[in-house]
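K.L.:
Counting in the working numbering, the sequence shown runs from 130 upward without gaps. Before anything else, here's the structure in question.
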Amino acid sequence: MAIPTSIKTLLSGDIVEWARIEFKETWDAAASLKSICAFANDLDNWGGGYIVIGVEENNGRPVYPLKGVPIEKLDAYQKSIFAKCKLIRPSYVPIIGIETYHDKTFIVIWCPGGDNRPYSSPKTMEKNNKERIHYIRKASNSVEPSDDEEKDLFNLANRIPFDDRVNHQAELENLNITLIQNYLKEIGSSLYEKSKTDDFTELCSDMNIISKLPEYVKPKNVGLMFFCMEPDKFFPCTQIDIVQFPDGLGGDNIIENTFKGPIHQQLREALQFIKNSIVTKKIIKSADKAESDWVYNYPYAAIEEALANAVYHRGYDIREPIEVRVEKEMIEIVSFPGPDRSVTREGLKRYKVSNRRYRNRRIGDILKELHLTEGRNTGFGKILRALEENGSPKPEFETDENHSYFISRLFVHEAFLEGDNNQKEVEKEPK
130 MAIPTSIKTL
140 LSGDIVEWAR
150 IEFKETWDAA
160 ASLKSICAFA
170 NDLDNWGGGY
180 IVIGVEENNG
190 RPVYPLKGVP
200 IEKLDAYQKS
210 IFAKCKLIRP
220 SYVPIIGIET
230 YHDKTFIVIW
240 CPGGDNRPYS
250 SPKTMEKNNK
260 ERIHYIRKAS
270 NSVEPSDDEE
280 KDLFNLANRI
290 PFDDRVNHQA
300 ELENLNITLI
310 QNYLKEIGSS
320 LYEKSKTDDF
330 TELCSDMNII
340 SKLPEYVKPK
350 NVGLMFFCME
360 PDKFFPCTQI
370 DIVQFPDGLG
380 GDNIIENTFK
390 GPIHQQLREA
400 LQFIKNSIVT
410 KKIIKSADKA
420 ESDWVYNYPY
430 AAIEEALANA
440 VYHRGYDIRE
450 PIEVRVEKEM
460 IEIVSFPGPD
470 RSVTREGLKR
480 YKVSNRRYRN
490 RRIGDILKEL
500 HLTEGRNTGF
510 GKILRALEEN
520 GSPKPEFETD
530 ENHSYFISRL
540 FVHEAFLEGD
550 NNQKEVEKEP
560 K
């Protein structure tokens, strides 16, 4: 069985956070079973994690040259992994893949967040051990939870994130093989070659986008969001509306554009429209120097990050689209609901946000694989840097006391305000 990403991606740490990857030179049940259990519990909805066997590590990073797993040990390691995972309660079986890279062979254990958490595993591998622990991840370590963390874990037991739930109204036929293959090819997954010949149901199972009961095969919501041509049939208003007010809010001229389809495609198409039709640049001539400077009405990187975050964090069970409102002096990106309760209104004002728990762990994984977002609470920093480099005003981020909505507000560069006399040339961004 193959994993949904590539060994090269895991070794780089560019897409999957280091805290979600463990490197082991050999298979050690005593150490690794704790991590498998912790990834399965997925307390913060990160999306589980990976254990890569055959790689020496130093401070959580792979050591080169890579060692790999000796061919003669592959079978024994796999049998031991399956046997030891039977000790986890309730039943949990990770996905095990054999990967080849630089002429070396590795075992990758993919441990997605489980549907039946909380999970526990033996504290030790000793035969007389009867103590079990609900291990969790803290940074890059698998640890025993505190009393409060264990209560939190039990409170999450029946709260499977919406994107990871089975959709009982959909059928396997609603998943599109072409969309799946295009995605697997783009991210460099070894599943791409298998997708050409393997059974479609097995492929979807390997990707964890369908239910795993052989007698009841149904797509999961995340599969329909990315790999269904019309996800809005199952999630009404799953779209991005771009509304322009060229004459201001009180004017009669309103331009509306709606982007539908798989959520990564609608995000890309909406961003391309913004880049081609909304983002402009201008020459600024200063009296105190001979050179001219280019500035943008809005830096594209800031809009890209703000809109990608809206797609990542919106609630797909809420029948409200993401709305991009383009006014004369600002762009507002509105999504529903608001951020996690760990994000405070005071923190938003100070741009100090550390989101403890992600609403859409599976959506985030796929968007990161496609390089459409980074996660890791880096969004605000990226937006602030892009605005500062362009000389734009600082943004505003808003929610209400009930966290029922979220607004990212970007203000136009002062050079584009009416009455500015420095304009020499205005250009649209190249397509």
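Glycine is no exception: its CB is placed at the ideal position from the N, C-alpha and C atoms. Since the structure is predicted, the reported quantities are computational estimates derived from the model, not experimental observations.
1) If the criterion is Cβ atoms closer than 8 Å, does the pair Ala160 and Gly243 meet it?
2) Under a Cβ-count criterion, where at least 16 other Cβ atoms within 10 Å of its own Cβ denotes burial, should Tyr345 be classed as buried or exposed?
3) As a quick exercise: from Lys457, Arg479, Pro450, pick the residue whose alpha carbon is nearest that of Pro465.
4) Whose CA, out of Ile309, Pro391, Ala431, Asn382, lies closest to the CA of Lys404?
5) Which class does Tyr312 belong to by DSSP, given the choice of helix, strand or coil?
6) In the DSSP assignment, the beta strand (DSSP E) including Met459 goes from what residue to what residue?
7) Inspect the beta-carbon positions of Asn311 and Met358 and report whether they are closer than 8 Å.
8) Rounded to whole angstroms, how far is the Cβ of Arg218 from the Cβ of Tyr248, which I believe are closer than 8 Å?
9) For Arg470, which residues from the same chain have a beta carbon less than 7 Å from its beta carbon, with the 5 sequence-adjacent residues on both sides left out?
10) Rank Phe540, Pro133, Gly390 by C-alpha distance to the C-alpha of Ser324 and give the top, closest one.
11) Along the chain, where does the beta strand (DSSP E) containing Ile236 start, and where does it finish?
12) At what residues does the beta strand (DSSP E) containing Asp370 begin and finish?
13) Who are the near neighbours of Tyr441 in its chain, counting only those whose CB is closer than 7 Å to its CB and skipping five residues on each side?
14) Please report the straight-line C-alpha distance between Tyr426 and Ala435, rounded to a whole angstrom.
15) Is Arg288 a contact residue of the ligand ZN, with contact defined as CB to any heavy atom under 7 Å?
16) Excluding sequence positions up to five away, which residues of its chain have a Cβ less than 8 Å from the Cβ of Lys196?
17) With 16 as the cutoff for other CB atoms within 10 Å, does Ala268 come out buried or exposed?
18) Is there contact here, the stretch 283 to 300 with the stretch 345 to 354, by at least three beta-carbon pairs under 8 Å?
19) Bridge partners for Ile403 per DSSP, in chain order?
20) Tell me Asn187's beta-bridge partners as DSSP assigns them.
21) One question on the structure: do Ala439 and Ile462 come within less than 8 Å of each other, judged by their Cβ atoms?
22) Can you tell me where the alpha helix (DSSP H) holding Leu282 begins and where it ends?
23) Less than 7 Å between C-beta atoms, sequence neighbours within five positions excluded: which residues of the same chain meet that for Gly520?
24) Should His263 go down as buried or exposed, given a rule of 16 or more other Cβ atoms within 10 Å for buried?
25) Lys135 and Ser318: beta carbons closer than 8 Å?
26) Alpha carbon to alpha carbon, how far is Tyr445 from Tyr480?
27) With distances taken between CB atoms, is the gap from Ile371 to Phe356 smaller than 8 Å?
28) Kindly indicate which residue of Leu203, Phe235, His231 has the alpha-carbon position closest to the one of Phe152.
29) The beta strand (DSSP E) with Gly226 in it runs from where to where?
30) Rounded to the nearest angstrom, what separates Leu546 and Leu282 at their Cα positions?
31) Just reading off the alpha helix (DSSP H) that Asn350 is part of, what are its end residues?
32) Could you give the distance in angstroms between the alpha-carbon of Val237 and the alpha-carbon of Arg261?
33) Can you grab the Cα-Cα spacing for the pair Gln207 / Asp293, in whole Å?
34) Can you name the residues that DSSP bridges to Pro251?
35) Quick check for students: name the residue ranges of the alpha helix (DSSP H) that lie wholly in the stretch 487 to 548, counting only runs of 4 or more.
36) Which of helix, strand or coil does DSSP assign to Arg397?
P.N.:
Looking at the coordinates:
1) Along the sequence shown, one-based indexing puts residue 160 at 31. Along the sequence shown, one-based indexing puts residue 243 at 114. Not in contact: Ala160 and Gly243 (Cβ atoms no closer than 8 Å).
2) One-based indexing of the sequence shown puts residue 345 at position 216. Note on Tyr345: under 16 other CB atoms within 10 angstroms of its CB, so exposed under the neighbour-count rule.
3) Here residue 465 refers to the residue found at position 336 when the sequence shown is read from its first residue. The sequence as given places Phe at residue 465; Pro does not occur at that position. It is Pro450 whose Cα lies nearest to the Cα of Phe465.
4) Locating residue 404 in the sequence shown gives position 275, counting from the first residue. For the residues Ile309, Pro391, Ala431, Asn382, the minimum Cα distance to Lys404 belongs to Ala431.
5) In the sequence shown, residue 312 corresponds to position 183, counting from 1. In the structure shown, Tyr312 sits in a helix (DSSP, three-state: H, G or I).
6) By one-based count along the sequence shown, residue 459 stands at place 330. Its beta strand (DSSP E) spans residues 459 to 464.
7) Counting from one through the sequence shown, the residue named residue 311 turns up at place 182. Counting from one through the sequence shown, the residue named residue 358 turns up at place 229. No, they are not a contact pair.
8) Numbered from 1 along the sequence shown, position 89 holds the residue referred to as residue 218. Numbered from 1 along the sequence shown, position 119 holds the residue referred to as residue 248. Taking C-beta atoms under 8 Å as the contact rule, Arg218 and Tyr248 qualify, at a distance of about 7 Å.
9) Within the sequence shown, numbered from 1, the residue matching residue 470 stands at position 341. Correct list, in chain order: His532.
10) In the sequence shown, the residue the question calls residue 324 occupies position 195. Taking only the C-alpha atoms, the option nearest Ser324 is Pro133.
11) Here residue 236 is taken as the residue at index 107 of the sequence shown, counted from 1. Where Ile236 is concerned, the enclosing beta strand (DSSP E) starts and stops at 233 to 240.
12) To locate residue 370, count along the sequence shown from 1; it is residue 241. Secondary structure note for Asp370: its beta strand (DSSP E) is the uninterrupted segment 369 to 373.
13) Numbered from 1 along the sequence shown, position 312 holds the residue referred to as residue 441. Exclusion of the five residues before and after Tyr441 leaves Asn489, Ile492, Gly493, Leu496, Thr502 as the residues of its chain whose Cβ lies within less than 7 Å of its Cβ.
14) As a working note, residue 426 is residue 297 in the sequence shown. As a working note, residue 435 is residue 306 in the sequence shown. At residue 426 the sequence reads Asn, which differs from the Tyr that was named. The alpha-carbon separation between Asn426 and Ala435 amounts to approximately 16 Å.
15) Ligands in the displayed structure: none, and consequently the ligand ZN is not present.
16) Walking along the sequence shown from the start, residue 196 turns up at place 67. Shown here for Lys196: same chain residues with a beta carbon closer than 8 Å to its own, the five before and five after excluded, namely Glu154, Gly183, Val184, Glu185, Lys233 in chain order.
17) Reading the sequence shown from its first residue, position 139 is the one you call residue 268. Around the beta carbon of Ala268, a 10 Å sphere encloses fewer than 16 other beta carbons of the protein chains shown; the residue is thus reported as exposed.
18) Segments in contact, yes.
19) Taking the sequence shown and counting its residues from 1, the one referred to as residue 403 is at position 274. Note: Ile403 sits in no beta bridge, so no partner.
20) As a working note, residue 187 is residue 58 in the sequence shown. DSSP output for Asn187 lists Arg190 as bridge partner(s).
21) Here residue 439 corresponds to residue number 310 of the sequence shown, with the count starting at 1. Here residue 462 corresponds to residue number 333 of the sequence shown, with the count starting at 1. A Cβ-Cβ contact shorter than 8 Å links Ala439 with Ile462.
22) What you label residue 282 is simply residue 153 of the sequence shown in a count that begins at 1. Run containing Leu282: 276 to 284, per the alpha helix (DSSP H) assignment.
23) For the purposes of this step, residue 520 is taken as the residue at position 391 of the sequence shown. Short of 7 Å from the beta carbon of Gly520, and not among the five residues preceding or following it, lie these beta carbons of its own chain, in chain order: Val424, His542.
24) Working through the sequence shown from its first residue, we reach residue 263 at position 134. By the Cβ neighbour-count rule, His263 is buried, with 16 or more other Cβ atoms within 10 Å of its own.
25) Looking up residue 135 in the sequence shown gives position 6. Looking up residue 318 in the sequence shown gives position 189. The residue asked about is misnamed: residue 135 is Ser in this sequence, not Lys. In this structure, Ser135 sits near Ser318, with a CB-CB distance shorter than 8 Å.
26) If you number the sequence shown from 1, residue 445 lands on position 316. If you number the sequence shown from 1, residue 480 lands on position 351. A direct Cα-to-Cα measurement between Tyr445 and Tyr480 gives close to 25 Å.
27) Counting from 1 along the sequence shown, the entry for residue 371 is found at position 242. Counting from 1 along the sequence shown, the entry for residue 356 is found at position 227. Contact: no.
28) On the sequence shown, position 23 is the one that residue 152 refers to. Of Leu203, Phe235, His231, the smallest CA-CA separation from Phe152 is found for Phe235.
29) Locating residue 226 in the sequence shown gives position 97, where the first residue counts as 1. Taken as a continuous stretch (DSSP letters only), the beta strand (DSSP E) holding Gly226 covers 224 to 230.
30) Position 417 of the sequence shown, counting from 1, holds the residue named residue 546. Position 153 of the sequence shown, counting from 1, holds the residue named residue 282. Spanning the alpha carbons of Leu546 and Leu282 requires a straight line of approximately 51 Å.
31) If you number the sequence shown from 1, residue 350 lands on position 221. In the DSSP annotation of this structure, the continuous segment of the alpha helix (DSSP H) that includes Asn350 starts and ends at 350 to 356.
32) Along the sequence shown, one-based indexing puts residue 237 at 108. Along the sequence shown, one-based indexing puts residue 261 at 132. When rounded, the separation of the alpha-carbon atoms in Val237 and Arg261 is 25 Å.
33) Here residue 207 refers to the residue found at position 78 of the sequence shown. Here residue 293 refers to the residue found at position 164 of the sequence shown. Roughly 27 Å between the two C-alpha positions.
34) For this step, residue 251 is matched to residue 122 along the sequence shown. Pro251 is bridged to Arg261.
35) Counting only runs of 4 or more, we get 490 to 498, 508 to 519.
36) To locate residue 397, count along the sequence shown from 1; it is residue 268. Per DSSP, reduced to three states, the secondary structure at Arg397 is helical.
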